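Working notes, structure below.
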Amino acid sequence: MPPTLASLVQHSALKLTVRAGADRLDTPVRWAHASELADPVPYMDGGELLLVTATNLDAENADSMRRYVRRLAGAGVAGVGFAVGVNYEDVPQALVDAAEESGLPLLEVPRRTPFLAISKAVSAAIAADQYRAVTAGFEAQRELTKAALAGDGPADLLARLAAHIDGWAALYDTSGAVLAAAPDWAARRAARLTPDVERLRDRPAPASIVVADSEDRVELQSLGTGRRARGALAVGTGAALGTAERYAVHSAVALLTLTTARSRSLQGAEQRLGAAVLRMLLAGQPDHARAVAGDLYGGLLDAPFRLLIAEAAAPAGPEPLIETMEAAAARSGEALLLVPEGERVVVLAADGGAAVAACAAYAEAQDDRAPREGGAEDSDIVVGLSAPAGPIAVSAAYKQAEQALSVARRRGRALVEHEELAAGSVLPLLADDAVRAFADGMLRALHEHDAKGRGDLVASLRAWLSRHGQWDAAAADLGVHRHTLRYRMRRVEEILGRSLDDPDVRMELWLALKATAAATPTED
C-alpha cells in the first residue's frame with residue numbers, strides 16, 4: 002500500500018512529531034511538496050504532504066491561519082509539515098488550532114530534517130509500493146496462466162483471480178448467463194448482473210463498465226477483440242482495484258480472451274467433423290458416423306435426438322441462435338452437432354435437452370417481440386424441428402425439418418415442429434399462394450358459369466363431394482331433386498373436361514374448394 006502520514010511519523014530518520022490530526026494519520030500520501038506561497042492550492046492535485054516554513058504566512062494570526070488551513074483541507078491536501086527553527090522556533094498555536102479545527106494533520110519538522118529527506122522518503126515508499134504491486138501482478142499473471150493452460154475450464158482461473166483481488170469473479174457467455182463463478186456463493190450475486198452484461202455486450206470490444214451498490218463494487222470487462230464481444234468477466238470487491246489487483250484482472254481478461262479465441266478455432270474444427278458425421282448419417286451409414294464421431298459426438302447418437310434447420314433473414318445470420326444453443330448445451334454438459342450452411346444451420350441436439358429448449362425459448366421470444374401478419378420474411382430466424390429420431394432415421398428427420406421449415410416460412414412463425422404437422426390437418430397448408438392460384442385456375446370455369454346465372458355448380462360440387470358422392474344425401478342438403486344434382490355433375494365434367502369417377506380428380510377438386518374457401522370464408 003502507498004505511504005501514509007503514520008509511516009512517515011514512524012520513520013526513525015525523519016524525527017517528525019504530530020501536532021494535530023493524530024486520528025487521521027492513516028491518510029495516504031501521494032507526494033511531498035514544498036511551497037511558501039500564501040495560496041498553493043492552484044498548484045496541488047490532492048493527497049500531498051505540504052512542507053512549509055511560513056516565510057510568506059502570518060502564522061500567528063488566527064483568522065489568517067483558519068482561512069489558509071480550510072483552503073488546504075478543501076483541496077484534499079493530506080497534511081502539513083511545518084519546519085521549526087527557520088522562521089518560527091515552534092509551531093504557532095494559531096496554526097495548530099486551525100489544523101485541529103479543520104481535522105488536517107499537522108506534523109512538526111525539526112530543523113535538522115531537510116524537506117528533501119522527507120521527499121526522498123515519500124518517493125522511496127511510493128516506488129517500493131509500486132514494485133510490490135508489479136511483483137504481485139506478475140505473480141498473479143503466472144498463477145492465472147498456469148490455471149488457463151491446465152485445460153480444466155475457467156473455474157480454477159476464476160478462483161485464483163478472486164483470491165488475488167480479495168473478492169469474487171464470474172464469467173458470462175454472450176447471452177449474459179453465468180458460466181462459472183468463484184467463490185461458489187458469488188454465482189447468485191453474479192446472476193443479478195445479467196442486464197448489465199447485456200448492456201456491455203452491445204458495445205464494441207474491448208469495453209468495461211462499473212456497477213456500484215450497497216453490496217460491493219463490480220467491474221465488468223468484455224472478452225474478445227472483434228466487433229462482437231465473446232463473453233464478459235465480472236470482478237467484485239469492497240473498494241476500487243489497486244495496482245496489483247488491476248494487473249491480475251487485466252491478465253485474466255487477456256487469458257480468457259485467448260481461451261475464447263482458441264475455443265472458436267476448435268469449434269471450427271469440430272464443425273467440420275460434425276459436417277462429415279452428418280453426411281454419413283444422411284447417407285445411411287450410422288456405424289461409420291459413430292466411428293468418426295468418437296467421444297465428441299458419440300453420446301449424442303446413443304439417445305433420441307432432434308434435427309433442426311434454422312434459416313436467418315437478418316444480416317447477423319443464425320449466429321445469435323447458435324450462440325444461445327451452444328451456451329445452453331455447455332451449461333448442461335450436452336453434446337451438440339452443429340453444421341453451418343451459409344445463411345442456415347443444421348443442428349443435432351438431444352431430445353428434451355437444454356439446447357432444444359433454448360431454441361424454442363428463443364423462437365417464442367422472437368414471436369412475442371415482433372408479431373407478424375403474413376410472412377416469415379420479417380423474422381430474425383425461422384426454424385423447422387423434426388420429430389425425435391435415431392441414427393438410422395436422420396435422412397427422414399432432415400426431410401421432416403425441411404417440411405416444418407417451409408411451413409414456418411408460410412405461416413410467419415419462428416419455429417414449427419414436424420409433430421404439429423403430423424398431428425394436425427393439411428388444410429392450413431392450403432394458404433400457400435401457389436395452391437390458391439392452382440385452385441382458382443381449376444375452378445374458374447365453374448365460377449364463370451355460375452356468375453351468368455345458369456346454375457350453382459360450385460355449391461353442388463361441394464355438397465356432392467362432402468357426401469362422398471351419395472346422390473340422395475347431397476340433393477337433400479341442396480334442396481333439389483337427385484336428378485337435378487346428376488345433371489349438374491355432368492355439366493361439371495363437361496366444363497372441366499375431367500371425370501368425377503377419377504379419385505385423383507375428386508381429391509384435387511375438394512382441395513381446390515377448401516383453398517378458395519380459406520381465401521373467402523363467406524363461401525362456406
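Using my numbering, read the sequence shown as starting at 2 and increasing by one per residue.
Note that beta-carbon positions come from the ideal geometry of N, C-alpha and C, so glycine has one too.
All values reported here derive from a predicted model rather than from experimental measurement.
Going straight from the alpha carbon of residue i to that of residue j, what length do you get?
i: A396; j: L283; result: In the sequence as displayed, the identity of residue 396 is Ser instead of Ala. Answer to the nearest angstrom: the Cα atoms are 5 Å apart.
i: R20; j: Y44; result: 25 Å
i: F139; j: A148; result: 14 Å
i: G376; j: R414; result: At G376 the pLDDT is 44, less than 50, meaning the model places this residue with poor confidence; the figure from the coordinates comes in the next sentence. Their backbone Cα atoms lie some 8 Å apart in a straight line.
i: Q11; j: P29; result: 14 Å
i: V346; j: Y399; result: 12 Å
i: I382; j: A402; result: 14 Å
i: Y363; j: L322; result: 7 Å
i: R163; j: P205; result: This sequence places Ala at residue 163; Arg is not what is there. Roughly 26 Å separates the two Cα atoms.
i: G177; j: T244; result: 28 Å
i: R291; j: G343; result: 26 Å
i: E61; j: A126; result: 34 Å
i: R507; j: V481; result: 22 Å
i: A188; j: V179; result: 7 Å
i: R370; j: D197; result: 21 Å
i: T175; j: L337; result: 17 Å
i: A253; j: A328; result: 21 Å
i: R373; j: A516; result: Low local confidence applies: a pLDDT of 46 at R373 is under 50, so the model's placement there is unreliable, with the coordinate-based value given in what follows. Taking the straight line joining both Cα atoms gives about 22 Å.
i: S103; j: L26; result: 14 Å
i: V278; j: R133; result: 54 Å
i: P184; j: P41; result: 48 Å
Below 6 Å CB to CB, which residues in the same chain sit around residue i once its five sequence neighbours on both sides are set aside?
i: M326; result: A356, A359, C360
i: A390; result: A398
i: A181; result: P155, A156, L159, L172
i: Q131; result: none
i: R218; result: T238
Check the DSSP bridge columns for residue i and list the partner residues they point to.
i: I393; result: DSSP, once it has assigned bridges, lists no residue as partnering I393.
i: Q222; result: S209, L234
i: Y173; result: V179, A233
i: A33; result: L50
i: P184; result: None; P184 has no bridge partner.
i: R20; result: According to DSSP, R20 bridges with nothing at all.
i: V493; result: DSSP output for V493 lists no bridge partner at all.
i: T5; result: P29
i: E312; result: R345, V383
i: G80; result: L50
i: F139; result: None; F139 has no bridge partner.
i: V110; result: A84
Let me know if residue i comes out buried or exposed under the rule of 16 or more other beta-carbons within 10 Å of its beta-carbon.
i: L422; result: buried
i: P106; result: buried
i: S124; result: exposed
i: G354; result: buried
i: Q94; result: exposed
i: H469; result: exposed
i: G454; result: exposed
i: A241; result: exposed
i: A55; result: buried
i: S500; result: exposed
i: P392; result: buried
i: G168; result: buried
i: G75; result: exposed
i: E220; result: buried
i: L9; result: buried
i: L302; result: buried
i: R202; result: buried
i: R489; result: buried
i: T136; result: exposed
i: E109; result: buried
i: A128; result: exposed
In its own chain, which residues sit with a C-beta less than 7 Å from the C-beta of residue i, not counting the 5 before and 5 after it?
i: E418; result: L386, A405
i: V459; result: L444, L447, H448, D451
i: L486; result: S461, W465, W472, A475, A476, L479
So residue i packs on residue j, CB below 8 Å; how close in whole Å?
i: V384; j: A276; result: The pair is not a contact, with the Cβ atoms about 19 Å apart (cut-off 8 Å).
i: L512; j: R463; result: Contact flag wrong, Cβ pair sits at about 12 Å.
i: S120; j: A33; result: 4 Å
i: A112; j: G82; result: Here residue 112 turns out to be Arg, not Ala, going by the sequence shown. Contact flag wrong, Cβ pair sits at about 13 Å.
i: V340; j: Q286; result: That pair is no contact at about 16 Å.
i: E101; j: A79; result: The pair is not a contact, with the Cβ atoms about 16 Å apart (cut-off 8 Å).
i: A170; j: V236; result: 5 Å
i: V53; j: S36; result: 7 Å
i: D91; j: A63; result: That pair is no contact at about 16 Å.
i: I166; j: E216; result: Incorrect: roughly 15 Å between the Cβ atoms, too far for contact.
i: L256; j: T146; result: 6 Å
i: A351; j: E335; result: 5 Å
At the 8 Å Cβ level, is residue i part of the contact set with chain C, yes or no?
i: R307; result: The displayed structure is made up of one protein chain only, and chain C is not part of it.
Measuring only from the beta carbon, is residue i closer than 7 Å to any heavy atom that is part of the ligand SAM?
i: V30; result: No copy of the ligand SAM appears in this structure; indeed no ligand is present at all.
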